[in-house]
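Take a look at the structure set out below.
Residue numbers (UniProt numbering): 1 to 576.
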């Protein structure tokens, strides 16, 4: 779900220019095509994740650690790909072309992945039940599997990088410019509507996989992706297509290179002794005193050599504008707070064990209906949507009545509370798993990891609810924090930070699981993250994650105080 929040900052960006021939195009008539493409793509790709660990363990005979690491790596590429896609779209390709190309690539990847479920030679042969002999996947089979998943991740990343920004290109920005509260509510409700596509994936599509087999279960997302691709191209005559220009990300790298190339320059304490390169029309005249070594990137040494007749830098990799320098400083300033969000992403990326855990519990509602194990993630999504509704229509009105003035919780407060709820969620997982494991052993299922115990899966609702609340609080708060703290020109970077954080979190989660697996199975002992969850100790594993989360909360408090008041807090203090 955070993938949407990685992009919604693009809604307030205007870094591209319209053609004169495009001024009569766009408008609300284009949104069904754009949003339909985004929702169908999200539903199709999200449907692959929930049951993936079961597919890898049952069909490819992988152990828990190997299967989880593949999923972590896939998730990392899925979250980082939109950043690369946004750079390509802004600088070279254009947003419409990026969405269209990404849709086609995603469709190809999902078709290839579907082939693994219908072609027996694409996966290992079934296990021999009598002797419990399972053959591992061959190199080509693993390559084909990972290649198809990689293509899906790259294509989906291309779509996600530009879909919401492309939709904003079709509308008038003035509607959202002057009302921060309206923008906050718009972002929240858009996030909730986008999450509905995940609900479809976790219910309907997962149900097809569980009850009708892998071939139909993975074939349905292929059809959704086909409709998604057709939909984005059907609206071609109506779109306002904007010209790509140089990306802000390029400008940030230019500052780093220029400051290094000018490292021998001496900085004077008297700013009037130095000529700085200013952007035309910019109100930023002098660079700030923080991170002064970067100021060397915007010092004009020789106006005749460094500047062209129109005032532009002759070599942008040696001379940058004051605005570019301040943009990089703004980015570096939020890095410590961003890092605390990475730890929360580690907790959120734990998607494999909860499926195996739910698979061993009583999931019946009534006498006939059984909730698929992979569908329990829906309660996290519902909780996130519920929080958004409660925050807008219950929590803020009550707080306003109690204080006698319009109430608003700062972005840093919401981020901090989100981190605390994430800590509680992994702590609850550890407690519930400890109880579940004890019951499984007492009922004689120590050697049967698929045996269903007499414990209701409804015990999993608290941990899923806390995860949903934590994700909604932290993700929305973090994105609004970046957008409010960065210059308006940096909204694309603000939109990318969440995605990069999720990607880094997935990589760290893979590293943590592999490390714990290696350390705990030494001496012939059963690994804590064993494929047999009744022999393993996932309760201990989640206690370690809880420990990381607790330390992370303390780090966040320190980083938040060191950061100082953010812009919204300063504005609140200045109000009479």
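The C-beta atom is built at its ideal place from N, Cα and C for all residues, glycine as well.
About 6 Å separates the beta carbons of residue 452 and residue 362, which is inside the 8 Å limit, making them a contact pair. Excluding sequence positions up to five before and after residue 414, its CB lies within less than 8 Å of the CB of 473, 474, 476 and 477, all in the same chain and listed in chain order. Of all alpha-carbon atoms in 439, 387 and 519, the one lying nearest the alpha-carbon of residue 421 is that of 387. When beta bridges are read from the DSSP output, residue 364 appears opposite 370. The secondary-structure analysis by DSSP pairs residue 313 across a beta bridge with 307.
Look at residue 541 here: in three-state DSSP terms it is helix. A distance below 7 Å separates the beta carbons of residue 349 and residue 509.
Three or more pairs of CB atoms, one per stretch, sit closer than 8 Å, so the segment 288 to 307 contacts the segment 254 to 271. At the C-beta level, residue 257 and residue 325 stay beyond 7 Å of one another.
The C-alpha of residue 46 lies about 26 Å from the C-alpha of residue 430. By the C-beta density criterion, residue 308 is exposed, having fewer than 16 other C-beta atoms within 10 angstroms. Per DSSP, the continuous alpha helix (DSSP H) segment holding residue 436 begins and ends at 411 to 442. Between residue 535 and residue 526, the CB-CB gap stays under 7 Å. In the DSSP assignment, residue 359 falls within the unbroken alpha helix (DSSP H) covering 353 to 359. The Cβ atoms of residue 71 and residue 52 lie closer than 7 Å to each other. 323 is the residue among 108, 352 and 323 whose C-alpha sits nearest the C-alpha of residue 280. The closest CA to that of residue 204, considering only 483, 44, 400 and 553, is found on 44.
Within the DSSP bridge table, the entry for residue 133 names 128 as partners.
Pairing residue 461 with residue 377, the inter-Cα distance amounts to about 9 Å. Inclusion of residue 513 and residue 68 in the CB contact set at 7 Å is warranted, their separation being smaller than that value. For residue 474, the enclosing alpha helix (DSSP H) begins and ends at 461 to 485. Put simply, the backbone Cα of residue 347 is about 51 Å away from that of residue 273. The C-alpha of residue 330 is placed about 22 Å away from the C-alpha of residue 343.
By the Cβ test, the segment 109 to 128 is not in contact with the segment 234 to 242, since fewer than three Cβ pairs between them sit closer than 8 Å. Secondary structure note for residue 88: its alpha helix (DSSP H) is the uninterrupted segment 64 to 88. Judged by DSSP secondary structure, residue 326 falls within the alpha helix (DSSP H) whose first and last residues are 322 to 348. The three-state secondary structure of residue 260, taken from DSSP, is helix. Burial state of residue 450 is exposed, judged by a 10 Å Cβ sphere holding fewer than 16 other Cβ atoms.
By the Cβ-count criterion, residue 146 is exposed, with fewer than 16 other Cβ atoms from all chains shown falling within 10 Å of its own Cβ.
In this structure, the beta-carbon distance from residue 497 to residue 76 does not fall below 7 Å. Distances from the alpha-carbon of residue 392 to those of 380, 403 and 408 put 408 closest. Residue environment for residue 289: exposed (fewer than 16 other C-beta atoms within 10 angstroms of its C-beta).
The secondary-structure analysis by DSSP pairs residue 456 across a beta bridge with 362. Secondary structure at residue 276: strand, using DSSP grouped into helix, strand and coil. Boundaries of the alpha helix (DSSP H) around residue 33: 31 to 46. Taking a cut-off of 8 Å on C-beta distances, the segment 84 to 101 touches the segment 152 to 165, as three or more cross pairs fall below it.
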